[in-house]
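This report refers to the structure that appears directly beneath it.
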Amino acid sequence: MLQDHAPSVSDARATSLSREGGGTLTDAAYDALRVDIIRGLRGPGERLRIERLKALYGVGPTPLREALQRLSADGLVAASGNRGFSVASLDAAEFIDLNIARTALETQALRLSITNGDDLWEAGVVSAAYRMAKADTTLMSDGGASIDAWEGMNEMFHLAMVAACGSDWLLRVRKRLHDQCERYRRAALDRRRGARDLRAEHAAIADAVLARDVERALDLTKSHFDATVETLSGRAAR
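Start counting the sequence shown at 1; every next residue gets the next number (the UniProt record's numbering).
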């Protein structure tokens with residue numbers, strides 16, 4: 001198990017609940033808790049007591065319990081019998097496993113996208129690469145304040161690379177794996193900010209994609225993902 005790097009933020013402001021689109025209170029509680037866990041506002045190992053969550057999120061115990069059960073199924077929350085719920089710990093073996101699955105899907109989607117992509121897709125790749133370069137530069141110079149913005153741009157960058165894959169299911173499952181890895185990416189950034197040249201890594205991927213060099217793009221993407229695992233766990237991803 002990794003040392004839980006993100007601190008428990010017991011008094012952090014909770015993400016506001018939103019029921020836009022007609023969602024239930026359970027849906028709203030699930031979404032808000034999920035965001036807070038992924039972003040580290042609810043730290044690894046933190047006890048998730050219903051009474052305290054009621055005060056933080058302004059929702060009753062039943063929707064909260066249902067939301068926590070769903071988060072447990074997602075692997076973000078641990079349920080321990082009479083002890084209740086807690087935020088799942090960061091685990092090196094799990095991250096290696098997640099990375100294997102994510103890399104397999106990402107590289108397949110990328111291969112299809114490079115093969116199928118048209119001029120409009122290429123324009124999206126160019127735009128995403130430009131914006132990613134700016135976000136990488138800001139992240140390296142701006143401390144923790146820019147992590148949320150960087151993470152959003154990182155998601156958009158990698159999505160732009162695979163956007164022309166032509167498979168909605170592949171994109172859907174890929175997104176779930178991307179999201180599951182986010183807690184680990186944030187912990188890796190906290191641990192060794194500046195140890196990698198993320199701007200160069202992203203630029204190299206985009207250049208290979210635009211050159212339609214499939215094998216180079218796949219190799220660079222795999223190395224890019226593996227480097228995050230190595231940064232956080234101190235072990236090479238297998």
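Cβ atoms here follow ideal geometry from the backbone N, Cα and C, with glycine treated the same way.
Self-check item: Among Glu-46, Arg-212, Ser-113 and Thr-228, the one whose alpha carbon lies nearest that of Asp-197
Solution: Measuring C-alpha to C-alpha distances from Asp-197 to each of Glu-46, Arg-212, Ser-113 and Thr-228 identifies Thr-228 as the nearest.
Straight-line Cα distance separating Ala-92 from residue 253: Because residue 253 is not part of the residues shown, which for the chain are 1 to 238, the question remains open.
Does Phe-225 come out as helix, strand or coil in the three-state DSSP assignment? Phe-225 falls in the helix class under three-state DSSP.
- request: Can you grab the Cα-Cα spacing for the pair Asp-219 / Ala-32, in whole Å?
  value: If I take the Cα positions, the gap works out to 36 Å.
Would you grab the beta carbon distance between Met-140 and Phe-157 for me? Rounded to a whole angstrom, and I think it's under 8 Å. Your pair Met-140 and Phe-157 does not check out as a contact, with CB atoms roughly 16 Å apart and the cut at 8 Å.
>> So for Val-77, helix, strand or coil by DSSP?
In response: Assigned with DSSP and collapsed to three states, Val-77 falls in strand.
Contiguous alpha helix (DSSP H) assignments of at least 4 residues, all confined to the stretch 152-192: Within the stretch 152-192, the runs of alpha helix (DSSP H) at least 4 residues long that lie entirely inside it are, in chain order, 168-191.
Checklist entry - Roughly how many angstroms lie between the CA atoms of Leu-71 and Leu-53, to the nearest whole one? => result Taking the Cα positions, Leu-71 is about 14 Å away from Leu-53.
Is Arg-47 helix, strand or coil by DSSP?
The DSSP-derived three-state label of Arg-47 is strand.
task = Count the other CB atoms, across all protein chains shown, that sit within 10 Å of the CB of Ala-200; report buried if there are 16 or more and exposed otherwise.
result = Counting other Cβ atoms within 10 Å of its Cβ, Ala-200 stays below 16 and is therefore classed as exposed.
Cβ neighbours of Thr-26 in the same chain (closer than 7 Å, five flanking residues each side left out)
These residues qualify, in order along the chain: Pro-63, Glu-66 and Ala-67.
| request: Please name the residue in Glu-94, Tyr-184, Ile-50 and Arg-174 whose C-alpha comes closest to that of Ala-29. | output: Comparing Cα positions, the closest option is Ile-50.
Euclidean distance between Cα positions of Ala-88 and Trp-169: Near 27 Å, if we compare the C-alpha coordinates of Trp-169 and Ala-88.
Just the C-alpha distance for His-202 and Val-173, rounded to the nearest angstrom, thanks.
When rounded, the separation of the alpha-carbon atoms in His-202 and Val-173 is 22 Å.
Verify whether the separation of the beta carbon atoms of Ile-38 and Glu-155 is less than 7 Å. No.
**Prompt:** Nearest-angstrom Cα distance between Leu-159 and Ala-128?
**Reply:** So the two alpha carbons sit approximately 9 Å from each other.
Discussion item. Between the stretch 145-152 and the stretch 91-106, can you find at least three pairs of beta-carbon atoms closer than 8 Å?
Written reply: Segments in contact, no.
The alpha helix (DSSP H) with Val-35 in it runs from where to where? Run containing Val-35: 25-38, per the alpha helix (DSSP H) assignment.
For Arg-212 and Asn-116, I'd like the C-alpha separation in whole angstroms. Those two C-alpha atoms are separated by around 10 Å.
Exercise. Excluding sequence positions up to five away, which residues of its chain have a Cβ less than 6 Å from the Cβ of Ser-8?
Worked result: Low confidence applies here, because Ser-8 scores a pLDDT of 40, under 50, leaving its location unreliable and the question unanswered by this model.
Which partner residues of Phe-85 appear in the DSSP bridge assignment? Answer is Ala-79.
Among Glu-215, His-224, Ala-206 and Leu-120, nearest to Tyr-130 - alpha-carbon criterion:
Taking each of Glu-215, His-224, Ala-206 and Leu-120 in turn and checking the Cα distance to Tyr-130, the smallest one comes out for Ala-206.
TODO: Identify whether Leu-53 lies in helix, strand or coil by the three-state DSSP scheme.
DONE: Note: Leu-53 maps to helix in three-state DSSP.
Practice item. Flag this pair as yes or no: are the beta carbons of Ala-109 and Val-162 separated by less than 7 Å? Key: Yes, Cβ-Cβ distance for Ala-109 and Val-162 is below 7 Å.
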